[in-house]
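Sequence lines, in order, name chains A and B. Per the numbering used here, residue 54 is the first one in the first sequence, and the count goes up by one each step. Per the numbering used here, residue 54 is the first one in the second sequence, and the count goes up by one each step. Glycine residues also receive a C-beta, built at the ideal position from the N, C-alpha and C atoms. Every value quoted in this text rests on a predicted model; they were computed, and no experiment measured them.
Protein chains: 2
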Amino acid sequence: MPVKIVPVLLSGGVGSRLWPMSRTEVPKQLQSLVGAESMIQATAMRLRESGEVGAPVVVCGVRHLDRIVGQLAEVGIEPAHVVAEPVGRNTAPAVMAAALVLDPEAVMVVLPADHVIADVDGFRDAVRIAADAAGQGRLVTFGIVPTAPETGYGYIEAGPGGEVRPVVRFVEKPDAETAARYVASGRFLWNSGMFVFRAGEVRAEIERFAPDVAASVAACMAKSERAGRFLLSESFEKAPSISFDHAVMEHTDRAVVVPIDVGWSDVGSWSTLWEIGDQDENGNVVVGDVALSGVRQSYVRSGGRLVAVVGLDDVVVVDTGDAVLVTSRHQAQDVRSIVDQLTGRPEVERGAD
Amino acid sequence: MPVKIVPVLLSGGVGSRLWPMSRTEVPKQLQSLVGAESMIQATAMRLRESGEVGAPVVVCGVRHLDRIVGQLAEVGIEPAHVVAEPVGRNTAPAVMAAALVLDPEAVMVVLPADHVIADVDGFRDAVRIAADAAGQGRLVTFGIVPTAPETGYGYIEAGPGGEVRPVVRFVEKPDAETAARYVASGRFLWNSGMFVFRAGEVRAEIERFAPDVAASVAACMAKSERAGRFLLSESFEKAPSISFDHAVMEHTDRAVVVPIDVGWSDVGSWSTLWEIGDQDENGNVVVGDVALSGVRQSYVRSGGRLVAVVGLDDVVVVDTGDAVLVTSRHQAQDVRSIVDQLTGRPEVERGAD
């Protein structure tokens, strides 16, 4: 009998570096930043229900619940379960909550809802490999074959092996020199935050290595409002805010890594959208009603109005109904600083349209 | 009896370098780019009707006539005459048309409607000096005491003198080296395009040095629609398109120059608006709902929506209801290139609101 694969979509990201598209009420995973679908739609469509794949479980903020269910319905996907968090508590509590609503034998494929993967077939192949390992009791993490010495990601050192390799260690975001050494070594992979394991196994490992997470989540699984929906009680805010990597993967001896090279991106900033976008002969990525003169290596996005850029290189211009952002590709990480300045304003909190 | 001074407001500019505020239907002189009034309102208010100053004459494009009359009414000014041009033909035909509707003894003070003058009292003093010279039969031009070796202006070489100096020669826009020499010499002034002379005198000089201009304008002064309004007939398009400097001032032996140092600007581009604007401690000029982080030496203007700029220096960002311009202060002259690309689009032709 084939293992039953259940996608678990984690919609916990805030995406403030992708303001003004990403808003508190409509964060980046609910936006169509790449292609026509929103990122959570694209993530759900990557592993559609089939003989071996079941309907997904969604873990999301309670304020996004209706919008997410609506977006998934638009693409013909009905979640098996939705777990709504009153507050965000990072990935370890989210994974625990998902594990609690699933059959212990179900193989969870934990996918942040705000990642982009270009090679979907390659990704599906990797999921099958990972699911087999999970069926043998492994906790699998996907490691991205690095394309550059990024300092913005954590790394995984993999031991020798084939499609499934042992994890030697997890390392935090390195400095530039260390990152270059990692990439040159061929042994290091980017830590993607995507995992595959059986629900029963991961529950046991969380109980073992993060008993406070396990207990606090188990205590606040409230009665479902309707079939398949779980609203975590307010006491969820007492759960430790900790990543699943820190809570479990760095401690368990069951961890393995499946290296993947499938055009992955976490769409961390506007600079990333320029990198993965369709660049024209001047290296510009344009979306919507845009006019350029003497512009190179830039990302320019119109939300409807005419956006004209003259005589600048390496800039990011993003227009929405109620706000415009202008920055440099090299400063795109700092967009968060302006969002912090603007906390409470509707242009940050609410949707743009 | 004091001479009767009549301001003549020339509203012929297109102002495409100030897009997206300046539009074909509502060019820069009808916009509030500096302060609360539009530039034509501010120009008219600079020489208000008084004992020695009469109501102004306006020469404008026919498509702007109603809007201009409306804007002047808002500030309590009713033109004595309005001459509406079916097409723009530069300043020599416009000056001729104004001269034809005035008493020959009237002293015309010809003012482009899109200039800014900070020191209005100083300017009024200079007008009185120039009007006296005009009353003695001189054709007076105002020469701006240069503050920098600008290559974007023509220059006037002035002979020795006091408040009124002889014109040695007019010179075209110089290269940077020549401009630096001009400014260092102390003898050269920027050619402002503002003039003072009696209507009868200038008419005679135009007839003498530019008889084709004089004849073609005289031939198409159509019957006024109503009192004080003249709609030039379609044949006006046959008038030579030539500046008053080229047509008359460079040839007449009656030319004199009154140097002025009154905070003049022709508001030629967004870069100029940064220069004359109220710079904060980071050298930024901001108008409206603007949020900045790590930005210096920049001009950022919101037309209502939130405009956020992060980590850039020396940029110009101008937001209007239907368009956004992003450029560099150093490329602000090139805005015209994008306007040329966009000819025919409503965001260029029509008003922004």
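Check: Using 8 Å as the threshold, is the C-beta distance between residue 388 of chain B and residue 70 of chain B below it?; Outcome: yes
Check: So, with DSSP's three-state summary, where would you put residue 73 of chain B?; Outcome: coil
Check: CB residue 9 of chain B to CB residue 74 of chain B, shorter than 8 Å?; Outcome: One cannot answer for residue 9 of chain B here, as it falls past the ends of chain B, which runs 54 to 406.
Check: Please work out which residues of its chain come closer than 6 Å, Cβ to Cβ, to residue 125 of chain A, disregarding the five sequence neighbours upstream and downstream, and give them in chain order.; Outcome: 97
Check: Just tell me which of B:308, B:214, B:110 and B:336 has its CA closest to the CA of residue 149 of chain B.; Outcome: B:110
Check: One question on the structure: do residue 252 of chain B and residue 259 of chain B come within less than 8 Å of each other, judged by their Cβ atoms?; Outcome: no
Check: Exposed or buried, which one is residue 189 of chain A when buried takes at least 16 other CB atoms within 10 Å?; Outcome: exposed
Check: For residue 119 of chain A and residue 356 of chain B, I'd like the C-alpha separation in whole angstroms.; Outcome: 34 Å
Check: How long is the line joining the alpha carbons of residue 459 of chain A and residue 384 of chain A, rounded to whole angstroms?; Outcome: Since the first residue shown for chain A is 54 and the last is 406, residue 459 of chain A is missing from the structure and cannot be characterised.
Check: Looking only at C-alpha atoms, which of B:334, B:255, B:330 and B:321 sits nearest to residue 305 of chain B?; Outcome: B:255
Check: Quick one: which chain B residues come within Cβ less than 8 Å of residue 384 of chain A?; Outcome: 347, 363, 364 and 365
Check: I'd like the span of the alpha helix (DSSP H) that includes residue 137 of chain A, first residue to last.; Outcome: From DSSP, residue 137 of chain A is part of no alpha helix (DSSP H) but of the beta strand (DSSP E) over 134-138.
Check: Between residue 344 of chain A and residue 365 of chain B, is the Cβ-Cβ spacing less than 8 Å?; Outcome: no
Check: Does chain A have any CB closer than 8 Å to the CB of residue 360 of chain B?; Outcome: yes
Check: Count the C-beta pairs between the segment 155-166 of chain A and the segment 231-249 of chain A that are closer than 8 Å, then say yes if the count reaches three, no if not.; Outcome: yes
Check: Ordered along the chain, which non-local residues of its own chain (more than five positions away) have a Cβ less than 6 Å from that of residue 312 of chain A?; Outcome: 196, 198 and 242
Check: Cα separation between residue 123 of chain B and residue 102 of chain B?; Outcome: 17 Å
Check: Could you compute how far the alpha carbon of residue 176 of chain B sits from the alpha carbon of residue 62 of chain B?; Outcome: 15 Å
Check: Looking only at its chain, what residues have a beta carbon closer than 6 Å to the beta carbon of residue 143 of chain B, apart from the 5 residues adjacent to it on each side?; Outcome: 294, 295 and 296
Check: How long is the line joining the alpha carbons of residue 283 of chain A and residue 134 of chain A, rounded to whole angstroms?; Outcome: 7 Å
Check: Kindly say whether residue 54 of chain A, judged by its beta-carbon, lies nearer than 8 Å to any beta-carbon of chain B.; Outcome: Caution is warranted here: a pLDDT of 38 is assigned to residue 54 of chain A, below 50, making its placement in the model unreliable, and the coordinate value is therefore given only provisionally. Not an interface residue.
Check: When burial is assigned at 16 or more other CB atoms within 10 Å of the CB, is residue 77 of chain A buried or exposed?; Outcome: buried
Check: Which parts of the segment 225-297 of chain A are runs of the beta strand (DSSP E), unbroken and 3 residues or longer, counting only runs that do not cross its ends?; Outcome: 241-251 and 282-284
Check: Against chain A, with Cβ distances strictly below 8 Å, would residue 71 of chain B count as a contact?; Outcome: no
Check: On the criterion of 16 or more Cβ atoms from any shown chain inside 10 Å, does residue 335 of chain A qualify as buried, or is it exposed?; Outcome: exposed
Check: Residues in its own chain within less than 6 Å of residue 392 of chain B by CB, not counting five upstream and five downstream?; Outcome: 69, 72 and 401
Check: I'd like the span of the alpha helix (DSSP H) that includes residue 328 of chain B, first residue to last.; Outcome: 323-329
Check: Can you pull the chain B neighbours of residue 381 of chain A, defined as C-beta to C-beta under 9 Å?; Outcome: 363, 364 and 365
Check: In this structure, does DSSP put residue 396 of chain A in helix, strand or coil?; Outcome: coil
Check: Please report the straight-line C-alpha distance between residue 358 of chain A and residue 377 of chain B, rounded to a whole angstrom.; Outcome: 8 Å
Check: Does the CB of residue 390 of chain B have a neighbour CB from chain A at under 8 Å?; Outcome: yes
Check: When you compare each of A:168, A:328 and A:131 to residue 280 of chain A by their alpha carbons, which one comes out closest?; Outcome: A:131
Check: Anything in chain A within Cβ reach of residue 400 of chain B, meaning under 7 Å, just list it in chain order.; Outcome: 359
Check: Please report the straight-line C-alpha distance between residue 397 of chain A and residue 80 of chain A, rounded to a whole angstrom.; Outcome: 15 Å
Check: Once the 5 residues before and after residue 157 of chain A are set aside, which same chain residues still bring their CB inside 6 Å of it?; Outcome: 252 and 253
Check: Using a cut-off of 7 Å between C-beta atoms, extract the partners of residue 164 of chain A located in chain B.; Outcome: Those do not exist, as residue 164 of chain A stays about 30 Å from chain B at its closest Cβ, beyond 7 Å.
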